[in-house]
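Peer 1: Supplied in structure tokens, the structure appears directly below.
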Amino acid sequence: MRLIDYVFFRVYRFYKTKKDAIPTFMGCGVITVALFFSLLTLLVILNLVFKAKLELLINKPLALLIMAVTLGLLNWRYNNQQLIESLEEKYSEEGPPKRRRNAFYIFMYIVFVLFTPIIYSFLKHNLHYDI
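See below:
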């Protein structure tokens, strides 16, 4: 949960400095997308390792339901002002080298979980590789 808290705080602080009206919702949205694509990446890896037909497990209505429930739960959790203040206390004293390193790790994780399902789908459906 600490990783999710840290990513939420970084996104929240970014949108708050940009004077966005709802930085909490934007932070929850980014985490929801990252968690959903993490689930898709896990399904792709399981499909590659076990040669199972796992792409049938998630269809569009189920995906929307999973994302809506996740967004609702995260929004409920992070709409607490005391939690946001405790995250600000915890992570605001972070030095620039550590912040830059953590931002790189988060960026690489998001790139990995976004592009793994996309590349797998492209290879399977457009180029007709039997993966």
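Numbering-wise (my numbering), the sequence shown opens with residue 20 and increments by one.
Ideal Cβ placement from N, Cα and C applies to all residues, glycine included.
Predicted model, so just to flag it, every value in this text is computed and none were measured.
Assuming F27 and V132 form a contact by the criterion Cβ under 8 Å, report the distance between their Cβ atoms to the nearest whole angstrom.
Peer 2: Incorrect: roughly 16 Å between the Cβ atoms, too far for contact.
Peer 1: Cα-Cα, which of L92, G114, L61 is closest to I137?
Peer 2: If we check each option's Cα against that of I137, L61 comes out closest.
Peer 1: Taking a contact to mean a Cβ-Cβ separation below 8 Å, would you say T43 touches N121 in this structure?
Peer 2: No, they are not a contact pair.
Peer 1: Where does the unbroken alpha helix (DSSP H) through D24 begin, and where does it stop?
Peer 2: 21-36 is the extent of the alpha helix (DSSP H) around D24.
Peer 1: What distance in whole Å lies between the Cβ atoms of V30 and V49, which are believed to be in contact at a cut-off of 8 Å?
Peer 2: Contact flag correct, Cβ pair sits at about 5 Å.
Peer 1: Would you give the residue range spanned by the alpha helix (DSSP H) that A87 belongs to?
Peer 2: Run containing A87: 79-97, per the alpha helix (DSSP H) assignment.
Peer 1: Please state whether DSSP places Y148 in a helix, a strand or coil.
Peer 2: Note: Y148 maps to coil in three-state DSSP.
Peer 1: Do Y25 and Y110 have their C-beta atoms closer together than 8 Å?
Peer 2: For Y25 and Y110, yes; Cβs fall inside 8 Å.
Peer 1: Would you kindly report the start and end of the unbroken alpha helix (DSSP H) that includes G48?
Peer 2: Segment 42-69, the alpha helix (DSSP H) holding G48.
Peer 1: If we ignore side chains and look at the alpha-carbon of each, how far apart do I41 and G114 end up?
Peer 2: So the alpha carbons of these two residues sit roughly 26 Å apart.
Peer 1: Would you identify the three-state DSSP class for E112, choosing helix, strand or coil?
Peer 2: It is coil, neither helix nor strand.
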